[in-house]
Every structure is written in structure tokens, then in C-alpha cells.
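A short write-up of the structure that comes next.
Residue numbers (this note's numbering): 428 to 679.
Structure follows, in C-alpha cells:
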């Protein structure tokens, strides 16, 4: 098995990178069978986005902070662990964001696409699903669309639902909604196309982010699942992402 190692800038991740390359060698991205990502969840998301072109599986080991998407860091029997790992397939979201200046940016997200107010002014956002207006105005700090893989991240912090990894659903979740105050979001089919229109964008500017990739001063954002791409994460047997998500639902 040929491995390619990648690491976040954190000192502990860089030290792990040096040790593992010395022990197992380095195949390079093009020749590798598996990519091993060393760091936290942020680095795992970056490593997955780099695989959009070739779909090679990514096996993460935690050298960061939370590490929800990572396996435990252990150097022993690494090849055996990877060979026995359970694959989890996920589809990213495509965000197309248009700015006040007319520029259009396309970004992909593994966890979520989020819209956030840029100033102290409350954001005012119109929401349409599959071309039909569903909410003429949401006054809020923001709103997001999360994948099942990302449902336990920012979405959960915003009191959105936890989605099983195999669920063919997306979570549409408001962030600190002011009006309508009682709206708690919606569950959408994975094939749904969500359109956000920023109302009064000059006075109430809004940014849009695909995971950590931010576009500022947006006026319209289109979000849909990338049906043409599938990414694969590898998890140690018995510690797959679906089990972690299930455990999260019983955490009190």
C-alpha cells in the first residue's frame, strides 16, 4: 500500500509527518493509494477537498484539537489499520455566490455552507427551495445548509438536527433567528437546491462560507449537492463516522 502524508502547520502534526514519512516512506499524491491526513478536522476538510479530482480515500489521524473526523493517532500497525478501515462515502455541497460587484465564486463544502452577517446589523435573507419561495424574509445572524457529515459541527452548535451519515438529507438551519423567532429550520432532500437572496445588502452586508472558504458582500447564494463527486473517508473498525454521530445524539 502506497501512502501520501499531509499535515497541518501545528508543531505536533509536523512532527508526526516527519516520523511517519521516515517509517513508511512517501509515495506522493499521484502515486498514492491512500492519503493520510495529520491534524484536526479543519485539515481533514482541506485534505478531502484536494481529492475532488481523483477521489482517493483519506485516512485521518488526530494531531489537532477536536478531531471528530479523525482516527486516534497511533504509529503502530498503521498499514494494517488502514487495510481494515471502514469507508464512508460523502458528497460535498457546491456553493455559487454572487457579490455586490457582480463577481461569481464557486466553492465546495464538506460540512456546510453558511451565510453570516458582516456587521452589527441583523441580516435579512429570502429563502427559496427548488425554485419556490419558502421564507420571504429571515431576520437573523445567519443561516446554513449542512451535510450529514457536517451536521454535528456548526449545525449542531446552531441547534440544528443531527443527521445519520447515510441519510439522504440536508439540514437547513437558522443562526440566532430574530424573525420568525419560532422557525427552527427544515430537513431537505439531498437533491434540493437552496437559493438565498440577501435583502438590503448595502445596509446589511452578508458573507458566505463553504466550510472555511469565505466570500464577502454576497447578494445571492445557490447551494446544491455535487452529484458528480463522491469523497471517501476511512475510519478504524468500530469507530466509523455513523457510530460517532449516533453517540453524539445520546450525549447529555
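Yeah, the Cβ is synthetic: ideal placement off N, Cα and C, and Gly gets one too.
Item                                                                                                                                                                  : Value
On a CA-only basis, which of 667, 541 and 658 is nearest residue 635? Give me that one, please.                                                                       : 541
Which first and last residues belong to the beta strand (DSSP E) in which residue 524 is found?                                                                       : 520 to 526
Can you name the start and end residues of the beta strand (DSSP E) that residue 549 belongs to?                                                                      : That residue, residue 549, is in no beta strand (DSSP E); it is neither H nor E in DSSP.
By the DSSP assignment, the beta strand (DSSP E) with residue 489 in it spans what residues?                                                                          : 485 to 489
Would you identify the three-state DSSP class for residue 538, choosing helix, strand or coil?                                                                        : coil
Confirm, please, whether the CB-CB distance from residue 547 to residue 605 is below 8 Å.                                                                             : no
Between residue 594 and the rest of its own chain, which residues show a CB-CB distance below 6 Å, the 5 nearest in sequence each way excluded?                       : 575
Can you tell which of 484, 524, 457 and 460 has its C-alpha closest to the C-alpha of residue 644?                                                                    : 524
Which whole-angstrom value describes the C-beta separation of residue 536 and residue 519, a residue pair presumed to lie in contact below a C-beta threshold of 8 Å? : 6 Å
Quick one: give me the first and last residue of the alpha helix (DSSP H) that residue 509 is part of.                                                                : 505 to 510
Taking residue 586 as the reference, which of 532, 564 and 611 has the closest Cα?                                                                                    : 611
Please report the straight-line C-alpha distance between residue 469 and residue 488, rounded to a whole angstrom.                                                    : 12 Å
Rounding to the nearest angstrom, what Cα-Cα distance links residue 569 and residue 582 in this structure?                                                            : 11 Å
Can you list, in chain order, the residues of its chain whose CB lies under 7 Å from that of residue 686, leaving out five sequence neighbours each side?             : Given a span of 428 to 679 for the chain in the structure shown, any question on residue 686 remains unanswerable.
I'd like to check one pair, residue 527 with residue 628: are the Cβ atoms closer than 8 Å?                                                                           : yes
Tell me which same chain residues have a C-beta within less than 6 Å of the C-beta of residue 479, skipping the five on either side of it?                            : 656
Starting from the Cα of residue 549, find the closest Cα among 564, 539, 558 and 538 and give me that residue.                                                        : 564
Going along the chain, which residues of its own chain have a beta-carbon closer than 6 Å to the beta-carbon of residue 475, five neighbours each way excluded?       : 485, 537 and 658
Residues in the same chain with beta-carbon distance under 8 Å from residue 672, minus the five sequence neighbours each way, listed in chain order, please.          : 575, 578, 579, 589, 590, 591 and 592
For residue 609, which option in 600, 483, 616 and 461 has the closest C-alpha, if you only look at C-alpha atoms?                                                    : 600
How would you label residue 464, buried or exposed, when you count the other beta carbons within 10 angstroms and need 16 or more for buried?                         : buried
Alpha carbon to alpha carbon, what distance is there between residue 543 and residue 481?                                                                             : 32 Å
Pull up the DSSP beta-bridge partners for residue 457, would you.                                                                                                     : BP columns for residue 457 are empty, so no partner.
When burial is assigned at 16 or more other CB atoms within 10 Å of the CB, is residue 638 buried or exposed?                                                         : buried
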